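Novice:
Number of protein chains: 2
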Amino acid sequence: MVTKRYTMRDIAELAEVSRGTVDRVINNRGMVSSSAREKVEKVLGKIDYKPNLLAQSLKGHKNHSIAIVFPDYKTEPYWKQCFEGIAKAELELVQFGISLIFYFYAPKKKNYEESFSKALKNKPNAILAVPMEFKNSVDFIRESELKKIPLVLLNSPLQKNSSTTFLGQNYFKSGRTAAQLMASLIQPFENKKVLIVHFGRKSENTSHLYDKEKGFKEYFHNSEQGVIIKVINFEKSINSLKLIKNLENVSGIYITTSKSYLIAEHLKMFPGIKVIGYDLIRENIENLNEGTIDVLLNQNPKKQGYKGILFLSDFLIYKKPIPLVKLFPIDIIIKENVDGFIKSEY
Amino acid sequence: MVTKRYTMRDIAELAEVSRGTVDRVINNRGMVSSSAREKVEKVLGKIDYKPNLLAQSLKGHKNHSIAIVFPDYKTEPYWKQCFEGIAKAELELVQFGISLIFYFYAPKKKNYEESFSKALKNKPNAILAVPMEFKNSVDFIRESELKKIPLVLLNSPLQKNSSTTFLGQNYFKSGRTAAQLMASLIQPFENKKVLIVHFGRKSENTSHLYDKEKGFKEYFHNSEQGVIIKVINFEKSINSLKLIKNLENVSGIYITTSKSYLIAEHLKMFPGIKVIGYDLIRENIENLNEGTIDVLLNQNPKKQGYKGILFLSDFLIYKKPIPLVKLFPIDIIIKENVDGFIKSEY
DNA sequence: TCGTATACTGTGCACGAACACACTATAATT
DNA sequence: AATTATAGTGTGTTCGTGCACAGTATACGA
Numbered sequence: 003m004v005t006k007r008y009t010m011r012d013i014a015e016l017a018e019v020s021r022g023t024v025d026r027v028i029n030n031r032g033m034v035s036s037s038a039r040e041k042v043e044k045v046l047g048k049i050d051y052k053p054n055l056l057a058q059s060l061k062g063h064k065n066h067s068i069a070i071v072f073p074d075y076k077t078e079p080y081w082k083q084c085f086e087g088i089a090k091a092e093l094e095l096v097q098f099g100i101s102l103i104f105y106f107y108a109p110k111k112k113n114y115e116e117s118f119s120k121a122l123k124n125k126p127n128a129i130l131a132v133p134m135e136f137k138n139s140v141d142f143i144r145e146s147e148l149k150k151i152p153l154v155l156l157n158s159p160l161q162k163n164s165s166t167t168f169l170g171q172n173y174f175k176s177g178r179t180a181a182q183l184m185a186s187l188i189q190p191f192e193n194k195k196v197l198i199v200h201f202g203r204k205s206e207n208t209s210h211l212y213d214k215e216k217g218f219k220e221y222f223h224n225s226e227q228g229v230i231i232k233v234i235n236f237e238k239s240i241n242s243l244k245l246i247k248n249l250e251n252v253s254g255i256y257i258t259t260s261k262s263y264l265i266a267e268h269l270k271m272f273p274g275i276k277v278i279g280y281d282l283i284r285e286n287i288e289n290l291n292e293g294t295i296d297v298l299l300n301q302n303p304k305k306q307g308y309k310g311i312l313f314l315s316d317f318l319i320y321k322k323p324i325p326l327v328k329l330f331p332i333d334i335i336i337k338e339n340v341d342g343f344i345k346s347e348y
Numbered sequence: 003m004v005t006k007r008y009t010m011r012d013i014a015e016l017a018e019v020s021r022g023t024v025d026r027v028i029n030n031r032g033m034v035s036s037s038a039r040e041k042v043e044k045v046l047g048k049i050d051y052k053p054n055l056l057a058q059s060l061k062g063h064k065n066h067s068i069a070i071v072f073p074d075y076k077t078e079p080y081w082k083q084c085f086e087g088i089a090k091a092e093l094e095l096v097q098f099g100i101s102l103i104f105y106f107y108a109p110k111k112k113n114y115e116e117s118f119s120k121a122l123k124n125k126p127n128a129i130l131a132v133p134m135e136f137k138n139s140v141d142f143i144r145e146s147e148l149k150k151i152p153l154v155l156l157n158s159p160l161q162k163n164s165s166t167t168f169l170g171q172n173y174f175k176s177g178r179t180a181a182q183l184m185a186s187l188i189q190p191f192e193n194k195k196v197l198i199v200h201f202g203r204k205s206e207n208t209s210h211l212y213d214k215e216k217g218f219k220e221y222f223h224n225s226e227q228g229v230i231i232k233v234i235n236f237e238k239s240i241n242s243l244k245l246i247k248n249l250e251n252v253s254g255i256y257i258t259t260s261k262s263y264l265i266a267e268h269l270k271m272f273p274g275i276k277v278i279g280y281d282l283i284r285e286n287i288e289n290l291n292e293g294t295i296d297v298l299l300n301q302n303p304k305k306q307g308y309k310g311i312l313f314l315s316d317f318l319i320y321k322k323p324i325p326l327v328k329l330f331p332i333d334i335i336i337k338e339n340v341d342g343f344i345k346s347e348y
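So the protein lines, in turn, are chains C and G.
First residue of the first sequence: 3, per the numbering used here; consecutive thereafter.
First residue of the second sequence: 3, per the numbering used here; consecutive thereafter.
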């Protein structure tokens with residue numbers, strides 16, 4: 003069915019008023035007599051008017067700016083991928099007048115607040131941020147809400163009662179998924195020992211790591227008896243002694259960050275230990291192909307960055323509403339299906 | 003960096019010629035003196051001109067029609083999902099003047115050719131088709147190429163030397179992925195028996211089923227000794243006697259279509275048999291949650307339909323080139339991560 | 001020297017929505 | 001009655017591109 007697309011001019015003719023009056027009724031700008039309003043509304047009730055978004059955004063063309071508050075990604079391959087997604091979106095969107103302004107912060111220098119303030123001060127049309135620690139962000143969230151600047155937060159735990167969008171994964175479920183996979187890899191379970199390994203300082207945004215831990219533990223607690231779970235923490239780099247001391251009688255290791263390749267490198271003298279980690283960064287993929295990592299859960303940082311920008315620009319260009327929460331599915335990657343995920347575009 | 007967006011008018015001023023001349027140079031319409039052409043090209047070399055797609059398509063606004071040659075989906079949940087993806091895309095695209103015209107065919111009645119011919123006769127601006135059997139399609143592919151009608155084929159094996167787009171998955175890899183998962187589920191392997199189950203008539207488009215079979219067999223052949231693989235075929239419905247006779251000493255079943263729920267229902271008296279199937283249709287998800295199906299590989303029919311339409315409409319509206327092949331990643335779904343895939347939008 | 005064919009160049013309008021502004025009609029004020 | 005305020009209208013222009021068409025300049029034949 004080819005349905006005719008009505009324009010405001012069509013409506014004006016049908017209602018026997020001028021284009022201006024139709025415009026005022028549709029966008030309720032006021033200054034319309036009730037008789038004229040009725041005539042227009044009668045026509046609008048009969049036909050299905052959809053404004054032409056192309057014309058709409060051609061006219062209202064401003065150079066929309068999106069501020070990106072982002073960690074200094076060069077040190078972290080995870081953030082590098084996320085950045086690539088953002089860059090990809092930018093490439094596609096310059097033609098619609100979208101421009102990105104980056105405000106990098108160095109997690110170690112604790113200048114997250116400083117960067118965010120600077121971003122807000124420059125009055126962007128929208129903001130995409132990777133929050134450092136959640137409690138530091140509430141003021142910024144409030145401020146952007148007050149100024150009606152749409153804000154998307156990446157990779158952050160959920161928060162109720164906010165018009166801000168949270169984009170990431172359900173980390174608790176992520177832990178449970180890892181656990182189910184681990185269970186099928188290490189069976190039978192009698193006296194099996196499993197390690198959960200965290201990387202990162204507590205001062206940083208690490209609460210999602212503990213959500214993963216909780217999910218992982220809950221799965222084994224509920225369904226598989228006799229599995230012993232032990233948790234160890236590393237800061238940025240690895241302490242080999244500490245790790246090896248903990249590896250005795252271990253059947254599986256679950257690493258809650260993208261750093262699993264650091265662990266995998268130490269496992270050559272401990273064959274048979276099953277490893278589950280996160281993210282398709284180069285080092286992890288190499289280990290997956292060699293068999294030193296068994297499963298990678300994909301957090302899709304590239305897609306997250308891309309989608310975040312797309313949400314904001316669809317709002318700025320087409321006024322499409324932004325959903326409050328966008329949870330990405332948890333991709334399970336093994337040696338045999340990894341190819342499709344490396345190549346895949348979106 | 004806020005990069006200025008140049009318009010043809012800007013270029014005209016910089017090159018000290020008229021807008022018309024710039025237009026003629028950029029779109030090589032001829033009728034330009036070499037001196038004027040040089041002036042314009044000099045400016046074009048310095049700046050980065052990107053035409054404004056909004057203005058471009060606002061001008062050339064036609065009611066683009068896309069013909070959909072599609073199996074009568076009511077009988078098959080798989081195609082129903084695919085149809086939903088197409089319908090979703092249509093909803094978003096009416097505003098850009100895209101309208102879809104459906105040409106359904108009933109696989110049993112063998113009226114696929116008839117429907118495709120009818121679609122071609124009505125001269126659509128683009129075609130999306132689900133080929134019935136590949137060899138029946140070559141003539142149609144040639145004809146659409148000849149008439150320069152862009153064509154996207156869903157769920158079809160690859161074909162070289164064609165300007166037609168193939169959208170689907172790598173079915174061989176899909177089989178290997180299933181095999182790796184099966185291997186981790188049924189270990190240890192000594193004298194284990196595994197079943198491959200196909201559904202569907204050979205006259206229909208079933209070649210991808212055999213690609214899956216090949217991949218599955220190859221994995222076990224190369225890596226895991228001592229596993230016995232047996233293949234059985236069913237037409238549309240299941241023959242219980244035939245199935246049960248084949249179930250003795252079977253450790254795992256790999257079903258190459260979305261019909262795994264039919265098998266799962268017969269397995270209540272054979273606990274412990276691992277089942278791997280395809281697609282997130284309701285019946286399969288129920289069995290996954292109950293534990294009678296262990297893994298589902300997601301072929302993402304909804305996304306395939308959606309993306310297919312999006313490719314074509316991006317071409318019609320924005321003249322974006324369509325890639326020749328789009329292979330979707332192979333999603334692995336287990337009980338713990340299934341939620342995120344049901345809810346996920348794109 | 002005029003006409004005209006040809007090669008080139010510049011201008012104007014269309015697309016559809018948004019908005020500024022000018023205009024009309026009526027009511028309220030002086 | 002003349003002026004001013006104000007609610008309510010209609011028109012013109014803008015956005016950037018594509019295309020039709022109207023110009024201009026030069027060369028060439030009559």
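Virtual Cβ for every residue (Gly too), placed ideally from N, Cα, C.
Predicted model only: the values in this text are computed from it and were never measured.
Can you list the residues of chain C that G/G342 reaches, using a CB-CB cut of under 8 angstroms?
Specialist: Counted from its first residue, the second sequence places residue 342 of chain G at position 340. Going along chain C in sequence order, the residues near G/G342 (Cβ under 8 angstroms) are Q171, N172, K175, L329, F330, P331, I332.
Novice: Just mark G/P323 as buried or exposed, buried being the case when its beta carbon has 16 or more other beta carbons within 10 Å.
Specialist: For the purposes of this step, residue 323 of chain G is taken as residue 321 along the second sequence, with counting starting at 1. Looking at its Cβ environment, which holds fewer than 16 other Cβ atoms inside 10 Å, G/P323 is exposed.
Novice: Enumerate in chain order the residues of its own chain whose CB-to-CB distance from C/Y308 is below 8 angstroms, with the five nearest sequence positions on each side excluded.
Specialist: Stepping through the first sequence from its first residue, residue 308 of chain C is reached at position 306. Once the five neighbours on either side are set aside, the close Cβ partners of C/Y308 are G87, I88, K90, A91, Y348.
Novice: So, G/P190 versus G/L156, is the Cβ gap smaller than 9 angstroms?
Specialist: Stepping through the second sequence from its first residue, residue 190 of chain G is reached at position 188. Stepping through the second sequence from its first residue, residue 156 of chain G is reached at position 154. No, Cβ-Cβ distance for G/P190 and G/L156 is not below 9 angstroms.
Novice: CB-CB under 6 angstroms to G/S165, same chain, minus the five flanking residues each way: which ones, in chain order?
Specialist: Walking along the second sequence from the start, residue 165 of chain G turns up at place 163. Contacts found: E147.
Novice: Less than 9 angstroms between the beta carbons of C/A180 and C/Y256, yes or no?
Specialist: Position 178 of the first sequence, counted from the start, is the residue given in the question as residue 180 of chain C. Position 254 of the first sequence, counted from the start, is the residue given in the question as residue 256 of chain C. Their beta carbons are under 9 angstroms apart, which means C/A180 touches C/Y256 by this criterion.
Novice: Listed from N- to C-terminal order along the chain, which residues in the stretch 84 to 99 of chain C have their beta-carbon within a distance smaller than 9 angstroms of any beta-carbon of chain G?
Specialist: Listed by position, the residues of the stretch 84 to 99 of chain C near chain G (Cβ gap below 9 angstroms) are V96, Q97, F98, G99.
Novice: Around the C-beta of C/T77, are 16 or more other C-beta atoms found within 10 angstroms, so that it is buried, or is it exposed?
Specialist: For the purposes of this step, residue 77 of chain C is taken as residue 75 along the first sequence, with counting starting at 1. It is exposed - the Cβ of C/T77 has fewer than 16 other Cβ atoms within 10 Å.
Novice: Using C-beta distances below 6 angstroms, list every residue in its chain close to G/V24, excluding the 5 sequence neighbours before and after it, in chain order.
Specialist: Your numbering for residue 24 of chain G matches position 22 in the second sequence. If we look at G/V24 and ignore the five residues flanking it on each side, its Cβ neighbours are M10, I13, A14, V42.
Novice: Does chain G have any CB closer than 9 angstroms to the CB of C/T166?
Specialist: Counting from one through the first sequence, the residue named residue 166 of chain C turns up at place 164. Chain G contact via Cβ: absent.
Novice: G/I336 versus chain C: which residues are under 9 angstroms apart at the beta carbon?
Specialist: If you number the second sequence from 1, residue 336 of chain G lands on position 334. What G/I336 touches in chain C: T179, Q182, L183, S186, I334.
Novice: So, C/F72 versus C/G170, is the Cβ gap smaller than 9 angstroms?
Specialist: The residue given as residue 72 of chain C occupies position 70 in the first sequence. The residue given as residue 170 of chain C occupies position 168 in the first sequence. Cβ distance not < 9 angstroms, so C/F72 and C/G170 don't count as in contact.
Novice: Please work out which residues of its chain come closer than 6 angstroms, Cβ to Cβ, to C/L211, disregarding the five sequence neighbours upstream and downstream, and give them in chain order.
Specialist: Locating residue 211 of chain C in the first sequence gives position 209, counting from the first residue. So the list reads H200, T258, once near-sequence residues are dropped.
Novice: Once you ignore the five residues that flank C/I188 on each side, which residues in its own chain have a CB closer than 6 angstroms to its CB?
Specialist: Numbered from its first residue, the first sequence carries residue 188 of chain C at position 186. Taken in chain order, the residues that qualify are K194, S253, G254, K276.
Novice: Relative to the alpha-carbon of C/L264, which residue among C/N30, C/L245, C/Y105 has its alpha-carbon at the smallest distance?
Specialist: On the first sequence, position 262 is the one that residue 264 of chain C refers to. The candidate whose alpha carbon is nearest that of C/L264 is C/L245.
Novice: If we define contact as Cβ-Cβ less than 9 angstroms, is G/A57 a contact residue for chain C?
Specialist: Locating residue 57 of chain G in the second sequence gives position 55, where the first residue counts as 1. True, the Cβ-Cβ gap to chain C drops below 9 angstroms.
Novice: Give me, in chain order, the residues of the same chain whose beta-carbon lies closer than 7 angstroms to that of G/N300; leave out the 5 immediate sequence neighbours on both sides.
Specialist: Here residue 300 of chain G corresponds to residue number 298 of the second sequence, with the count starting at 1. Excluding positions up to five away in sequence, the list reads D281, L282, D333, I335, F343.
Novice: Decide if the stretch 47 to 65 of chain C is in contact with the stretch 112 to 119 of chain C; the criterion is three or more beta carbon pairs, one per stretch, under 8 angstroms apart.
Specialist: The stretch 47 to 65 of chain C vs the stretch 112 to 119 of chain C: no contact.
Novice: I'd like to know whether the C-beta of G/R21 is nearer than 9 angstroms to at least one C-beta of chain C.
Specialist: By 1-based counting over the second sequence, the position of residue 21 of chain G is 19. No, its Cβ sits nowhere closer than 9 angstroms to a Cβ of chain C.
Novice: Leaving aside the five residues before and after C/D74 along the sequence, list all residues of the same chain whose C-beta is less than 6 angstroms from its C-beta, in chain order.
Specialist: If you number the first sequence from 1, residue 74 of chain C lands on position 72. Here the set comprises F106, A108.
Novice: Return the CA-CA distance between G/S101 and G/I68, expressed in angstroms with no decimal places.
Specialist: Locating residue 101 of chain G in the second sequence gives position 99, counting from the first residue. Locating residue 68 of chain G in the second sequence gives position 66, counting from the first residue. Cα-Cα distance, rounded: 6 angstroms.
Novice: Opposite C/T167 in the DSSP bridges: which residues?
Specialist: In the first sequence, the residue the question calls residue 167 of chain C occupies position 165. C/T167 is bridged to C/V154.
Novice: Return the first residue and the last residue of the alpha helix (DSSP H) that G/G62 is part of.
Specialist: The sequence position of residue 62 of chain G within the second sequence is 60, counting from 1. G/G62 -> no alpha helix (DSSP H), and no H or E assigned at all.
Novice: By how many angstroms is the C-alpha of C/K219 removed from the C-alpha of C/G231?
Specialist: Position 229 of the first sequence, counting from 1, holds the residue named residue 231 of chain C. Position 217 of the first sequence, counting from 1, holds the residue named residue 219 of chain C. It is Ile, not Gly, that sits at residue 231 of chain C in the sequence shown. For C/I231 and C/K219, the distance between alpha carbons rounds to 7 angstroms.
Novice: Which residues in the same chain have their Cβ closer than 7 angstroms to the Cβ of G/Y320, if we skip the five residues on either side of it in sequence?
Specialist: Position 318 of the second sequence, counting from 1, holds the residue named residue 320 of chain G. Closer than 7 angstroms at Cβ, skipping near neighbours: L55, S59.
Novice: At least one CB of chain G closer than 9 angstroms to the CB of C/Y75: is that the case?
Specialist: Position 73 of the first sequence holds residue 75 of chain C. Not an interface residue.
Novice: State the Cα-Cα distance for the pair G/Q83 and C/I311, rounded to the nearest angstrom.
Specialist: Residue 83 of chain G sits at position 81 when you count from the first residue of the second sequence. Residue 311 of chain C sits at position 309 when you count from the first residue of the first sequence. Rounded to the nearest angstrom, the two C-alpha atoms are 28 angstroms apart.
Novice: Below 7 angstroms on C-beta distance, what does C/L60 contact in chain G?
Specialist: The sequence position of residue 60 of chain C within the first sequence is 58, counting from 1. The answer, in chain order, is L56, A57, L60.
Novice: Do you know how far the Cα of G/S262 is from the Cα of G/N248?
Specialist: Mapped onto the second sequence, residue 248 of chain G falls at position 246. Mapped onto the second sequence, residue 262 of chain G falls at position 260. Distance between the alpha carbons of G/N248 and G/S262: 16 angstroms.
Novice: Leaving out the 5 sequence neighbours to the left and right, which residues in its chain are closer than 7 angstroms to C/N235 when beta-carbon positions are compared?
Specialist: For the purposes of this step, residue 235 of chain C is identified with residue 233 of the first sequence, where counting begins at 1. Same-chain partners within the cutoff: H200.
Novice: Can you give me the C-alpha to C-alpha distance between C/G22 and C/K6, rounded to a whole angstrom?
Specialist: Position 20 of the first sequence, counted from the start, is the residue given in the question as residue 22 of chain C. Position 4 of the first sequence, counted from the start, is the residue given in the question as residue 6 of chain C. Computed Cα separation, rounded: 22 angstroms.
Novice: Less than 9 angstroms separating the beta-carbons of C/E94 and C/L122?
Specialist: The residue you call residue 94 of chain C lines up with position 92 of the first sequence. The residue you call residue 122 of chain C lines up with position 120 of the first sequence. It is not a contact, given that the beta carbons lie outside the stated cut-off.
Novice: Note down, in chain order, every chain C residue with its Cβ under 8 angstroms from the Cβ of G/K52.
Specialist: Start at 1 with the first residue of the second sequence, and residue 52 of chain G comes out as number 50. Correct list: V96, Q97.
Novice: Please name the residue in G/Q306, G/I287, G/G228 whose C-alpha comes closest to that of G/V297.
Specialist: Along the second sequence, read from residue 1 onward, the residue named residue 297 of chain G stands at position 295. Checking every option, the nearest Cα to that of G/V297 belongs to G/I287.
Novice: In three-state terms, what does DSSP make of G/S176?
Specialist: Looking up residue 176 of chain G in the second sequence gives position 174. In the structure shown, G/S176 sits in a helix (DSSP, three-state: H, G or I).
Novice: Listing by chain order, which chain C residues have their CB less than 9 angstroms from the CB of G/R31?
Specialist: Locating residue 31 of chain G in the second sequence gives position 29, where the first residue counts as 1. Within 9 angstroms Cβ-Cβ: nothing; G/R31 doesn't reach chain C, min ~22 angstroms.
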